[in-house]
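Asks: Under the numbering used here, the first residue of the sequence shown carries the number 189, and numbering increases by one thereafter.
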Amino acid sequence: MDYETIRVETDGPLGLLTIHRPDKLNALNSTVRRELMEAVDALAHDDDVKVAILSGAGEKAFVAGADVSEFAARTPAEQRELYNHRRVYDAIADFPKPILCAVHGYCLGGGSELALACDLRVADRTARFSQAEIRLGLIPGAGGTQRLARLVGPGQAMRMALTGDMVDAEEAHRIGLVEVLVDEGRHLEKAREIAGRMARWSPVALRLAKRSIKAAMEAPLSAGLELEKELFLAAFASDDGREGVQAFVEKRDPEFKGR
Ligand code: COA
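1. So what's Leu409 in DSSP terms, helix, strand or just coil?
2. What residues in its chain sit with their C-beta under 8 Å from that of Ile194, if we drop five residues either side in the sequence?
3. Between the Cα of Ile145 and the Cα atoms of Gly364, Gly297 and Arg440, which residue gives the shortest distance?
4. Could you please give me the residues that DSSP links to Glu197 through a beta bridge?
5. What is the DSSP secondary structure of Ser243, reduced to helix, strand or coil?
6. Just to confirm, is the Cβ distance from Ala425 to Leu396 under 8 Å?
7. Determine the direct distance from the alpha carbon of Glu372 to that of Gly364, and round the result to whole angstroms.
8. Report the residue ranges of all beta strand (DSSP E) runs contained in full by the region 269-352; include only those spanning at least 3 residues, in chain order.
9. Since Val370 sits in a beta bridge, which residues does DSSP pair it with?
10. Counting along the chain, where does the beta strand (DSSP E) carrying Phe444 start and finish?
11. Are the region 284-294 and the region 230-247 touching by the rule of at least three beta carbon pairs closer than 8 Å?
12. For Asp428, count neighbouring C-beta atoms within 10 Å of its own C-beta (all shown protein chains included) and say buried if the count is 16 or more, exposed if not.
13. Using C-beta distances below 8 Å, list every residue in its chain close to Ile189, excluding the 5 sequence neighbours before and after it, in chain order.
14. Can you look up Val392 in the DSSP assignment and give me helix, strand or coil?
15. Report yes if the CB atom of Ala215 is closer than 8 Å to the CB atom of Asp255, and no otherwise.
16. Is Glu321 close to the ligand COA? I mean its beta-carbon at under 7 Å from any heavy atom of the ligand.
17. Under the criterion of a Cβ to heavy atom distance below 7 Å, does Val256 qualify as lining the ligand COA?
18. If distances are taken between C-alpha atoms only, which option among Ser390, Ala249, Leu409 and Lys439 comes closest to His375?
19. Quick test of the definition: if touching needs 3 or more C-beta pairs under 8 Å, does the region 402-414 touch the region 350-369?
20. Give me the Cα-Cα distance between Ala407 and Val237, rounded to the nearest whole angstrom.
21. Is the region 311-322 close to the region 265-274, with three or more CB pairs under 8 Å?
Encoded structure:
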């Protein structure tokens, strides 16, 4: 599939998505959003892909936010109409396999919200995060108040969304916005290393574990624990679950089939 603003590659079990609009710091215009959503959906259905990684092209940015020039050209009714449709952030959040975000440089507004929709954020020391919408007289509209508050707590989310200040990579790591921090230029390599370790495991177990942790963000503890029990039983009953346990007992490597 040929895309204008993104690149999609596969490397063994890894699906590599790159937002490729470096002259505009990978700002999210409607073409990027549409193409990214199509590519995410295609990777979801590609059985050879076990884990995906999202990154941005160029030296300066992962994504410098929504394309502000598109905002400027849109009426409130048009913006509402867009919000009535499925959005790329949801396509990523609902992706059934693990998806990591490899961040360098600017990660602003909608870029930060894309990173928040991913399961894990690996950043290099050049990464700078901001919910910059407040500077435009706006507020985050794609998870930058909701997913952000769940990840870093309401206080840090307030600080970011109400000041629009940049948070550097070290601070982002300290407050839990970045899970893995690496030296400059090593973010993609590190993301691939982690994704590769995940991809060795049963696709069924990966999917169920992800679903269970996501439920923890939404459900009360008792309901989450009940769901976790059911999902554990589904993993236990899967061919891969039987194979993993049997392989351990027989002191051999498991052969997971994804069912
Ligand atoms: N939307 C549209 N275009 C953007 C953009 C955005 N969010 N961010 C950067 N660009 C464009 C610039 O307009 C510029 O295009 P041009 O060369 O045609 O003029 C190009 O990307 C390079 O950006 P530039 O501003 O020259 O780079 P810089 O290093 O001087 O500054 C930033 C980098 C990130 C500080 C600055 O681009 C910026 O403030 N961007 C907007 C960030 C923002 O408000 N995002 C949140 C939106 S909710």
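Just so you know, even glycine gets a beta-carbon here, dropped at the ideal spot from N, CA and C.
Only a predicted model underlies this, so the values are computations on that prediction, with no experimental measurement involved.
Replies: Reading it off the structure:
1. For the purposes of this step, residue 409 is taken as residue 221 along the sequence shown, with counting starting at 1. Under the three-state reduction of DSSP, Leu409 is assigned to helix.
2. Taking the first residue of the sequence shown as position 1, residue 194 is located at position 6. Closer than 8 Å at Cβ, skipping near neighbours: Leu205, Thr206, Ile207, His208, Val220, Glu223, Leu224 and Ala227.
3. No statement about residue 145 is possible, as the shown extent of the chain runs from 189 to 447 and does not include it.
4. Reading the sequence shown from its first residue, position 9 is the one you call residue 197. Its beta-bridge partners are Leu204.
5. Counting from one through the sequence shown, the residue named residue 243 turns up at place 55. Three-state result, Ser243: strand.
6. Reading the sequence shown from its first residue, position 237 is the one you call residue 425. Reading the sequence shown from its first residue, position 208 is the one you call residue 396. Cβ atoms of Ala425 and Leu396: not closer than 8 Å.
7. Looking up residue 364 in the sequence shown gives position 176. Looking up residue 372 in the sequence shown gives position 184. Computed Cα separation, rounded: 19 Å.
8. 287-291, 294-296, 308-312 and 316-318
9. For the purposes of this step, residue 370 is taken as residue 182 along the sequence shown, with counting starting at 1. Paired residue(s): Asp312.
10. Your numbering for residue 444 matches position 256 in the sequence shown. Unbroken run through Phe444: none, as it is neither H nor E.
11. Enough Cβ pairs lie closer than 8 Å, so yes.
12. Within the sequence shown, numbered from 1, the residue matching residue 428 stands at position 240. A residue is called buried when at least 16 other Cβ atoms come within 10 angstroms of its Cβ; Asp428 meets this threshold and is buried.
13. Looking up residue 189 in the sequence shown gives position 1. Sequence check: residue 189 is Met here, not Ile. Excluding positions up to five away in sequence, the list reads Val196, Glu226, Ala227 and Ala230.
14. Residue 392 sits at position 204 when you count from the first residue of the sequence shown. In the displayed model, Val392 falls within a helix according to three-state DSSP.
15. Here residue 215 refers to the residue found at position 27 of the sequence shown. Here residue 255 refers to the residue found at position 67 of the sequence shown. Their beta carbons are under 8 Å apart, which means Ala215 touches Asp255 by this criterion.
16. Numbered from its first residue, the sequence shown carries residue 321 at position 133. Yes, the beta carbon of Glu321 sits closer than 7 Å to at least one heavy atom of the ligand COA.
17. Along the sequence shown, one-based indexing puts residue 256 at 68. It does: the Cβ of Val256 is within 7 Å (strictly closer) of some heavy atom of the ligand COA.
18. In the sequence shown, residue 375 corresponds to position 187, counting from 1. Nearest option by C-alpha distance: Ala249.
19. Taking a contact to require three or more Cβ pairs closer than 8 Å, the region 402-414 and the region 350-369 do not qualify as touching.
20. Start at 1 with the first residue of the sequence shown, and residue 407 comes out as number 219. Start at 1 with the first residue of the sequence shown, and residue 237 comes out as number 49. Approximately 29 Å between the Cα atoms of the pair.
21. no
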